Amino acid sequence: MLALLAGCGSARAPRHDGPHGTPVLRAVYRDATHRLLIVLPDRAHRVPRGDCAAPLLIDEATGAARQIAPGEAAQWMRQMQLTGAVQGTCP
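Using the working numbering, the first residue of the sequence shown is number 2, and each one after it goes up by one.
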């Protein structure tokens, strides 16, 4: 999880579409056995389609990650706690 948050800093980088991708917010939720990585839309943009924006469920014991459907991610989020978020982009 530290690698996910390593890009955090106090200075905000300019955000725009273009060759660098679509701005998004990556959020990490957690419970006792799993972590959930989801992509949320930037205020001015929609969540991009494709693997970059797919929710990932990560097993704490093994570190194995798998893509899950948005509906399943919403169910997991109801029982998890938000632990962090970082700005990013999707191609």
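Every residue gets a Cβ at the ideal spot worked out from N, C-alpha and C, and that includes glycine.
Remember, it's a predicted structure, so these values are computed and weren't measured experimentally.
Please classify residue i as buried or exposed, where buried requires at least 16 neighbouring CB atoms within 10 angstroms.
i, result
"R27", "buried"
"R23", "A small correction: the amino acid at residue 23 is Thr; Arg does not occupy that position in the sequence shown. Buried."
Secondary structure at residue i, three-state DSSP: helix, strand or coil?
i, result
"R79", "helix"
"A62", "coil"
"P71", "helix"
"A55", "coil"
"T23", "strand"
"R31", "strand"
Note down the Cα distance separating residue i from residue j, rounded to an integer number of angstroms.
i, j, result
"C91", "P42", "10 Å"
"G85", "V29", "5 Å"
"V87", "C53", "14 Å"
"W77", "P71", "10 Å"
Going by Cα to Cα distance, which pick from the options is closest to residue i?
i, options, result
"H35", "G89, A70, Q82, Q88", "Q82"
"L38", "Q80, E61, P56", "P56"
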